[in-house]
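At the far end of the sequence shown sits residue 760, using the working numbering, and the numbering has no gaps.
Encoded as structure tokens, the structure appears first; notes follow it.
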Amino acid sequence: MEIRYATNPEQTKAYSTDQLRREYLMEGIMVPGEIKMVYSHVDRMITGGAVPVHQPLELEADPQEMGADYFLERREIGIINVGSRGFIIVDGEEYVLETKDCLYIGLGNREVSFRSENAEAPARFYFNSAPAHQSYPTVKIAISEAEPNHLGSISSSNERTIYKYIHPDGVQSCQLVMGMTLLKPNNMWNTMPCHTHNRRSEVYFYFDMPEDGVVFHFMGEPNETRHLVVRNEQAVISPSWSIHSGVGTSNYTFIWAMAGENQIFADMDSVPMEDLR
């Protein structure tokens, strides 16, 4: 498990491109036959990917970093399949996840494992996990059951649909909020005009991108912006003080996950366009 420590905006102002990438960009999340994880000290979020091929993969706690006997001893987790059909087994019960389906697993479940239906076209499970102090039921949310919210316009190059999976009016959790945004063809911008939310942090995972495609992910304080060049199936840590917006070389999809002070989706501080620098 890779560890990332929290940073502050004054530090970030002086970072080089390499330093920005080391602190905030998560590469190599999806590795065939492995589970990869990054533990961020920003709201204690764990971000990872599981790509089972020929054998199932078990989600296990890192005893040194987590101090737990099993992964969900003090945590909850949201998992979205961005690959072909796969299966998640939770304490002996099997859940089938098609592409873009989500599974929430609550505090206290001891055994979680992943497997693919077809090793030639494996499932690709992306997940975010946050600390939890209350247990909620394990629930599967198919993309057809998620709450859609249509936003933007082709004239602004940001026509998109937001699907909410784990949120106060949908699947209940202790503090994790999670969903997915799909940009329509010929649209490239997300979350612009931008915002911050000082009461919680966020992680973005970009996917459904062509091999030669990139997203320029903008971050930093509104008056001190920086950018990261992000490629397919890479993720970005967004601290509470940072904007999180992006523009791609083509349309793309991204998964967002939040944890922190509250779960109110609309709790954000909008940034006027004239204040951006």
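Cβ coordinates follow ideal geometry from the N, Cα and C atoms, glycine included.
Separation of Leu-759 from Glu-685, as counted between CA atoms: In the sequence shown, counting from the first residue as 1, residue 685 sits at position 202. In the sequence shown, counting from the first residue as 1, residue 759 sits at position 276. Going from the Cα of Glu-685 to the Cα of Leu-759 covers about 20 Å.
Which complete beta strand (DSSP E) runs does the segment 655-696 hold, if anything under 3 residues is left out? 660-666, 683-690
Tell me whether the beta-carbon of Ser-728 lies closer than 9 Å to the beta-carbon of Gly-696. Position 245 of the sequence shown, counting from 1, holds the residue named residue 728. Position 213 of the sequence shown, counting from 1, holds the residue named residue 696. No.
Bridge partners - Ile-563, DSSP secondary structure assignment: Position 80 of the sequence shown, counted from the start, is the residue given in the question as residue 563. Paired residue(s): Cys-585, Tyr-609.
Enumerate in chain order the residues of its own chain whose CB-to-CB distance from Asn-706 is below 8 Å, with the five nearest sequence positions on each side excluded. Within the sequence shown, residue 706 is the residue found at index 223, counting from 1. Closer than 8 Å at Cβ, skipping near neighbours: Asp-758, Leu-759, Arg-760.
For the segment 494-523, list the alpha helix (DSSP H) runs that are entirely contained and at least 4 residues long, ordered along the chain. 500-507
Could you tell me the boundaries of the beta strand (DSSP E) in which Pro-631 lies? Walking along the sequence shown from the start, residue 631 turns up at place 148. Residue range 630-634 is occupied by the beta strand (DSSP E) that includes Pro-631.
In chain order, what residues of the same chain lie with their CB nearer than 6 Å to the CB of Ala-615, ignoring the 5 residues before and after it? Start at 1 with the first residue of the sequence shown, and residue 615 comes out as number 132. Only residues of its own chain outside the window of five on either side were considered, and among them Arg-558, Glu-559, Leu-590, Cys-657 have a CB closer than 6 Å to the CB of Ala-615, listed in chain order.
Met-549, enclosing alpha helix (DSSP H) - first and last residue: Here residue 549 refers to the residue found at position 66 when the sequence shown is read from its first residue. Taken as a continuous stretch (DSSP letters only), the alpha helix (DSSP H) holding Met-549 covers 546-549.
Please determine if the segment 515-523 and the segment 742-757 are in contact, where contact requires at least 3 C-beta pairs separated by less than 8 Å. no
Contact check, Ala-606 vs Gly-569 under 8 Å by CB: the rounded distance? Position 123 of the sequence shown, counted from the first residue, corresponds to residue 606. Position 86 of the sequence shown, counted from the first residue, corresponds to residue 569. Indeed they touch by this definition, with Cβ atoms about 2 Å apart.
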